[in-house]
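Undergrad: If you want our numbering, it's the position in the sequence shown, counting the first as 1, plus 54.
Encoded as structure tokens, here's the structure I'll be asking about.
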Amino acid sequence: MTNNAVMKAVRQALDYLELQKEILPATVRMKYHLAEYNFSVRGIHFPKEKQEFYQARERLVFEEFLVFILSLRQMKEKKERSRNQFPVHPSEEIEVFLKKLPYELTNAQKKVWEQLQKDMAGTHTMARLIQGDVGSGKTIIAVLSLMSVAFCGWQGAMMAPTEVLARQHFDSITEMFEQYEIPLKVELLTGSMTAKEKRLAYGRIESGQAQIIVGTHALIQEKVIYANLALVVTDEQHRFGVKQREQFAGKGELPHILVMSATPIPRTLAIILYGDLDVSVIDELPANRLPIKNCVVDTSYRKTAYQFIRRQVAEGRQCYVICPMVEESEHLEAENVIDYAEKLQGELGEDIIVDFLHGKMKQSQKDEIMERFGKNESQVLVSTTVIEVGINVPNATVMMIENAERFGLAQLHQLRGRVGRGKYQSYCIFMSGSKGKETKERLEILNRSNDGFYIANEDLKLRGPGDLFGIRQSGLMDFRLGDVFQDAKILQRANEAADWILKNGKGLEEEACRNLKEHIQHSVQKSAIENTL
55 MTNNAVMKAV RQALDYLELQ KEILPATVRM KYHLAEYNFS VRGIHFPKEK
105 QEFYQARERL VFEEFLVFIL SLRQMKEKKE RSRNQFPVHP SEEIEVFLKK
155 LPYELTNAQK KVWEQLQKDM AGTHTMARLI QGDVGSGKTI IAVLSLMSVA
205 FCGWQGAMMA PTEVLARQHF DSITEMFEQY EIPLKVELLT GSMTAKEKRL
255 AYGRIESGQA QIIVGTHALI QEKVIYANLA LVVTDEQHRF GVKQREQFAG
305 KGELPHILVM SATPIPRTLA IILYGDLDVS VIDELPANRL PIKNCVVDTS
355 YRKTAYQFIR RQVAEGRQCY VICPMVEESE HLEAENVIDY AEKLQGELGE
405 DIIVDFLHGK MKQSQKDEIM ERFGKNESQV LVSTTVIEVG INVPNATVMM
455 IENAERFGLA QLHQLRGRVG RGKYQSYCIF MSGSKGKETK ERLEILNRSN
505 DGFYIANEDL KLRGPGDLFG IRQSGLMDFR LGDVFQDAKI LQRANEAADW
555 ILKNGKGLEE EACRNLKEHI QHSVQKSAIE NTL
């Protein structure tokens, strides 16, 4: 269809559109100087002047944010009314376990762990978000929480966004429990397991034999029945919608909810956007963690980089090489990885084993390759961004990213976080195919710092409040019209309005709020709330 045909169709639709019910109370519209709904719908499509467009957009964005915030507030209020069915009190086993660990928790970890213990022992069900930069030690806090409920005789479950990450969590928890003689049964449940394996796992989960369950979306399938689910943990949570999180929680009788995210969002924004959760931040890295050394180079450095990789492998270390994205298709991206891995094998020589990983592979192949790399049976892994989330190989010390200018800063920071996880000095090489000044400035932000929150602020200064830190890429804040950074002032005002509505009179039960309340009830499943958080 031509642009003219689309415009004609939209104009006709607006002409025939019955006037919609105004959902914002008049008092709110007046207090915040907002246009009426029907004026705004017409004004955003066919404004008579620029000012009319801005007024229309502001009104519609305000409404979208307000509905979102009030929906979350209702969810939080519901949780706060929920009596704690699973009061978890400090146990001696946890104290003994913490003393056995070869490292001490950081002060930030201790503070967050204290908050969690207080939550789980309190009168209401816990609903908490832990924000922490890559490598800040969120996982051990989640493990302590899972152990706490299991030692009380209940079940805890942890849901990861990918099978590779779920299996990694399962392996590391199992290994830790064996090493420190923790008598708890850990179960794995993923979609790629055979029907027989799943059936046996279902049986152990339903009987209560499985005390800690780790898995993917398979954990929320209908067939899975828990004996007494007291805690649900979602890892790298921006990849799950609120609806899935609620579905997960619905598998138990009001279990505690713990959410972990490595996406660096300023605290003022996080409090609004995670309105149904209390927010904790782990803002400190482990003391023994050596900072990653970074360098931003152009393609003329490639041969030198290969020599450096060869030296690191000779010292017993391992390396990742991330291939540039191919936007046209996943198939081309796979070919690109295979082709690059073959060329790199030729460059490095036969004594170094180069493996490759891409999104087109079957899950079993991915698992096999990651397992091989984890055991140092291969020394260099060429991959797409499929390794971005959570992969943990402490022996890997080099991350080389080809065409770094094609990635968002969020992705680059997450990819860099795959190294620097062990006791050895680690390095990240950002190789840029562009010599442009702006590209160099942007990559220099990563060169200067390993702190995700600092990088987010610098990115904001450099590029303005558009797609700050690539968060929109993650689907974290997928509103129809609003942009939480570009429209940060509108978001703050919508948050104020939510406070004002709920504190005045009967809140949403006021007659003037009837349309707004009905709209919230109808829109929860359709609005941004499904796709955000």
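Idealized CB from N, CA, C, for every residue including glycine.
Quick caveat, the model's predicted, so the values are computed rather than measured.
1. Pull up the distance between the alpha-carbon of A255 and that of V434, whole angstroms please.
2. Helix, strand or coil for V121 per DSSP?
3. Could you check where the beta strand (DSSP E) with I194 kicks off and where it finishes?
4. Could you spell out the range, first to last residue, of the beta strand (DSSP E) harbouring R182?
5. So, at 8 Å on beta carbons, what are the nonlocal neighbours of Y86 in its own chain, with the 5 sequence-adjacent residues on each side left out?
6. Take the Cβ of S418 as the centre, count every other Cβ of all protein chains shown within 10 Å, and call the residue buried at 16 or more, exposed below.
7. What is the residue span of the beta strand (DSSP E) that S486 lies within?
8. Would you call S261 buried or exposed, if buried means 16 or more other Cβ atoms sit within 10 Å of its Cβ?
9. Excluding the 5 residues flanking C349 on each side, which residues of the same chain have their C-beta closer than 6 Å to its C-beta?
10. State buried or exposed for Q74, treating a residue as buried only when at least 16 other CB atoms are found within 10 Å of its CB.
11. Have a look at A249, Q222, A264 and A214 and flag the residue whose alpha-carbon is nearest the alpha-carbon of F205.
12. Determine the DSSP secondary structure at R371, reduced to helix, strand or coil.
13. Unbroken beta strand (DSSP E) runs of length 3 or more, entirely within the region 84 to 133: which are they?
14. So, are the CB atoms of R113 and A89 less than 8 Å apart?
15. Just reading off the beta strand (DSSP E) that M314 is part of, what are its end residues?
16. Name the one or two DSSP bridge partners that V278 has.
17. Is it a yes or a no for the region 356 to 363 touching the region 449 to 464, going by three-plus beta-carbon pairs under 8 Å?
18. Quick one: is R496 buried, meaning 16 or more other Cβ sit within 10 Å of its Cβ, or exposed?
19. Tell me the DSSP bridge mates of M212?
20. According to DSSP, is A450 part of a helix, a strand, or is it coil?
21. Taking the alpha-carbon of E572 as reference, which of D187, A542 and Q128 has the nearest alpha-carbon?
22. So, with DSSP's three-state summary, where would you put V440?
23. In the DSSP assignment, find the alpha helix (DSSP H) that holds K153 and state where it starts and stops.
24. Taking a contact to mean a Cβ-Cβ separation below 8 Å, would you say V278 touches I259 in this structure?
25. Compute the Euclidean distance between the alpha carbons of G518 and Q468, then round it to the nearest angstrom.
26. Output the boundary residues of the alpha helix (DSSP H) element that contains D330.
27. Starting from K252 and walking both ways along the alpha helix (DSSP H), at which residues does that stretch end?
TA: By the coordinates alone:
1. A255 and V434 have their C-alpha atoms roughly 35 Å apart.
2. helix
3. Premise fails: I194 lies in the alpha helix (DSSP H), K192 to F205, not in any beta strand (DSSP E).
4. A181 to G186
5. F116, R547 and A551
6. exposed
7. From DSSP, the beta strand (DSSP E) with S486 extends over Y481 to S486.
8. exposed
9. I483
10. exposed
11. A264
12. coil
13. If we require 3 residues or more, the region 84 to 133 turns out to have no beta strand (DSSP E) run fully inside it.
14. R113 places its beta carbon less than 8 Å from that of A89.
15. Where M314 is concerned, the enclosing beta strand (DSSP E) stretches over H310 to S315.
16. Note: V278 sits in no beta bridge, so no partner.
17. Taking one beta carbon from each stretch, the region 356 to 363 and the region 449 to 464 have 3 or more pairs nearer than 8 Å; the two touch.
18. buried
19. V268 and V287
20. strand
21. Q128
22. helix
23. E146 to K154
24. yes
25. Unreliable positioning characterises G518 in this predicted model, as indicated by a pLDDT of 48, which lies under 50. The coordinate reading is nonetheless provided below. For G518 and Q468, the distance between alpha carbons rounds to 21 Å.
26. First-last for D330: undefined, no H or E at that position.
27. A249 to S261
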